[in-house]
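In our numbering, the protein residues as written are -5 to 335.
Everything on this sheet refers to the single structure shown next.
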Amino acid sequence: MNAVAPLPPAAVEIVALSKRYAPGTPAAVDAIDLRIASGSYCCLLGPSGCGKSTTLRMIAGHESVTSGDILLDNRNITNLPAAMRGTAMMFQSFALFPHLSATDNVAFSLKMKGVGKAERQKRARDLLARVAMGHLAERKPGELSGGQQQRVALARALITEPRVLLLDEPLSALDPFLRIQMRAELRRWQKELGLTFVHVTHSQEEAMALADTMVVMNHGVIEQVGSPHEIYNHPANEFVARFMGGHNVIDTPAGPIAVRNDHMRIAADSQADGLAAAITDVEYQGTYVLLGLALEAAAPERRNVSVLLGEAAFLASPYAQGETVRLSWAEADACALAVAP
Ligand SMILES: Nc1ncnc2c1ncn2[C@@H]1O[C@H](COP(=O)(O)OP(=O)(O)OP(=O)(O)O)[C@@H](O)[C@H]1O
Ligand SMILES: [Mg+2]
């Protein structure tokens, strides 16, 4: 038997953490446990209202904790003020001061700490240079593009030399093109700086592109923690399979399974093995064609499934709406789903 690998050092450890905003209301965060490895990129992911921002704000010290503990580098920070935690937060709107230059925005927290003007401006300019904003250091936020403002916001968060950077939907104010560009930059900065990033998003694609570790939340609890590859290929339950997308949830005698829609096998022959299904939809997507199908013998909530075919495979047998086909899958591509107790 292999020796159990030691757990990587945790930058952030959350123990039985709960938040209830008002007595008698459901918990916004319900007794969650989580270890975030030092120097890793962690994404908290889940639908609106599932408790992502509440969790992040409790780590930052911007929200009180109802019960449980938060540790940073083995130090219990649960009741420390935000400025003493070793964390920094970057917000969705960047929240830059409009009347201050980029340099003064970045230097602001050092000014509050009483650092002299020459010293704080030097450190601010160094950091701006590091995020490729040195040449625009004297501009005000209104004179900068969205992506440039984001870099100023990042430099401002980093000037306090945090161990952990907390980012709440940091890309949502950007247009789709810039969002993808800035996402690559965030990832690069995180690796370069060697810091721990905890990034909240409701975009599966963004989380998969960025995260070493993804944390999928729902109704204040954690449904699954793992690498993007683990979670995409082995969703723990129906919620995760459906939330990640690209999966079919199918009832079998042994219980529900998830099968990736690009792993489904489709046969036109009505005598072939497999589940009978009618094609309801054919959607051309360039590299792929997405077929929508209705299973003939399935419960209503499990009836709709999809099959993703490569363009060449589709052209070789161009299925049409209304056709009845047979669906199957390789045993190895079926992922058993946990059923709620
Ligand atoms: N200040 C508050 N007072 C009362 N309830 C709150 C407060 N902030 C959040 N909530 C509630 O707590 C729950 C979790 O909210 P939270 O903001 O953490 O969700 P989220 O996952 O960040 O959602 P979104 O993706 O929409 O930002 C929601 O039901 C929300 O209505
Ligand atoms: Mg939120």
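Note that CB positions come from ideal geometry on N, CA and C, so glycine has one too.
Rounded to whole angstroms, how far is the Cβ of residue i from the Cβ of residue j, which I believe are closer than 8 Å?
{"i": "T81", "j": "V158", "result": "5 Å"}
{"i": "C44", "j": "M176", "result": "Their Cβ separation, rounded to whole angstroms, is 24 Å, which puts C44 and M176 out of contact at 8 Å."}
{"i": "V209", "j": "L38", "result": "5 Å"}
{"i": "V234", "j": "E217", "result": "5 Å"}
{"i": "S47", "j": "V215", "result": "Incorrect: roughly 15 Å between the Cβ atoms, too far for contact."}
{"i": "R119", "j": "L104", "result": "The pair is not a contact, with the Cβ atoms about 12 Å apart (cut-off 8 Å)."}
{"i": "G239", "j": "Q198", "result": "6 Å"}
{"i": "A96", "j": "V125", "result": "About 10 Å separates the two Cβ atoms, so there is no contact after all."}
{"i": "L28", "j": "D162", "result": "So it is not a contact: roughly 17 Å between Cβ atoms."}
Could you name the residues that DSSP lists as bridge partners for residue i?
{"i": "E113", "result": "Looking at the DSSP assignment, E113 forms no beta bridge with any residue, so it has no partner."}
{"i": "Q184", "result": "Paired residues: none, contrary to the question."}
{"i": "K13", "result": "V23"}
{"i": "H56", "result": "Per DSSP, none; premise fails for H56."}
{"i": "S197", "result": "Its beta-bridge partners do not exist; DSSP assigns none."}
{"i": "Y278", "result": "V283"}
{"i": "N341", "result": "What is shown of the chain runs -5 to 335, which leaves residue 341 out entirely."}
{"i": "S322", "result": "R259"}
{"i": "F191", "result": "Y35, L159"}
{"i": "N70", "result": "L65"}
{"i": "V403", "result": "Because the chain spans -5 through 335 in this model, residue 403 falls outside it and cannot be assessed."}
{"i": "L28", "result": "I8"}
{"i": "N99", "result": "According to DSSP, which records beta bridges pairwise, N99 is partnered with nothing at all."}
{"i": "I273", "result": "L287"}
{"i": "G304", "result": "Y282"}
{"i": "R79", "result": "R79 is not bridged to any residue."}
{"i": "G249", "result": "T246"}
Do you know whose CA, among the options, lies nearest residue i's CA?
{"i": "Q184", "options": "C36, V6, A25", "result": "C36"}
{"i": "T72", "options": "M84, G55, F85, M83", "result": "G55"}
{"i": "G62", "options": "A126, E199, S12", "result": "S12"}
{"i": "A147", "options": "T195, A89, V192, L104", "result": "A89"}
{"i": "H93", "options": "L138, A271, G304", "result": "L138"}
{"i": "G286", "options": "Q315, A324, T195, Q279", "result": "Q315"}
{"i": "A77", "options": "A291, M106, F85, C329", "result": "M106"}
{"i": "E186", "options": "L152, S95, I174, S47", "result": "L152"}
{"i": "P247", "options": "L50, A31, L331", "result": "L331"}
{"i": "E277", "options": "I64, S264, G33, F308", "result": "F308"}
{"i": "L66", "options": "A306, P3, A149", "result": "P3"}
{"i": "P229", "options": "D267, L302, V333", "result": "V333"}
{"i": "P335", "options": "N231, N242, D245", "result": "N231"}
{"i": "A22", "options": "E57, E7, S32, R29", "result": "E57"}
{"i": "A205", "options": "A16, S34, D24, Y15", "result": "S34"}
{"i": "I26", "options": "S32, L302, A252, R14", "result": "R14"}
{"i": "V109", "options": "P75, T154, L284, N70", "result": "T154"}
{"i": "E224", "options": "T207, I53, R236, H213", "result": "T207"}
{"i": "L327", "options": "P312, S32, T49, A252", "result": "With the sequence shown as reference, residue 327 is identified as Asp, and Leu is not the correct amino acid for it. The shortest C-alpha separation from D327 is found at A252."}
{"i": "L284", "options": "P17, N242, E295", "result": "N242"}
{"i": "A271", "options": "D245, G249, N298", "result": "N298"}
{"i": "E32", "options": "P156, L74, K111, E317", "result": "A small correction: the amino acid at residue 32 is Ser; Glu does not occupy that position in the sequence shown. Answer by Cα proximity: P156."}
Determine the direct distance from the alpha carbon of residue j to that of residue i, and round the result to whole angstroms.
{"i": "M83", "j": "L130", "result": "23 Å"}
{"i": "Q143", "j": "P135", "result": "6 Å"}
{"i": "D275", "j": "P41", "result": "26 Å"}
{"i": "A261", "j": "Y282", "result": "17 Å"}
{"i": "H341", "j": "R133", "result": "In this structure the chain extends from -5 to 335, so residue 341 is not present and cannot be described."}
{"i": "A288", "j": "W323", "result": "16 Å"}
{"i": "A291", "j": "I273", "result": "14 Å"}
{"i": "C329", "j": "S221", "result": "16 Å"}
{"i": "R181", "j": "A293", "result": "42 Å"}
{"i": "V319", "j": "A5", "result": "51 Å"}
{"i": "M127", "j": "R145", "result": "7 Å"}
{"i": "L269", "j": "R259", "result": "10 Å"}
{"i": "A167", "j": "Q265", "result": "52 Å"}
{"i": "D169", "j": "G140", "result": "8 Å"}
{"i": "F91", "j": "F85", "result": "13 Å"}
{"i": "A123", "j": "A101", "result": "13 Å"}
{"i": "V301", "j": "A203", "result": "23 Å"}
{"i": "R173", "j": "D263", "result": "45 Å"}
{"i": "K116", "j": "L189", "result": "22 Å"}
{"i": "Q52", "j": "V59", "result": "Here residue 52 is Met; the residue named in the question, Gln, does not match the sequence. Each residue's Cα considered, the two are about 6 Å apart."}
{"i": "T19", "j": "N70", "result": "27 Å"}
{"i": "A16", "j": "E200", "result": "32 Å"}
{"i": "M(-5)", "j": "D98", "result": "Because M(-5) carries a pLDDT of 47, less than 50, the predicted location of this residue cannot be relied on, and no value is offered for it."}
{"i": "D245", "j": "E295", "result": "11 Å"}
{"i": "N255", "j": "A310", "result": "18 Å"}
{"i": "P312", "j": "L321", "result": "15 Å"}
{"i": "N68", "j": "L303", "result": "49 Å"}
Is residue i near ligand 4, going by C-beta to nearest heavy atom under 7 Å?
{"i": "D27", "result": "What this structure holds is ligand 1 and ligand 2, not ligand 4."}
Point to revise | Check your reading: residues with Cβ closer than 5 Å to ligand 1 heavy atoms | key: Output, sorted by chain position: Y15, A22, S42, G43, C44, G45, K46, S47, T48, H196.
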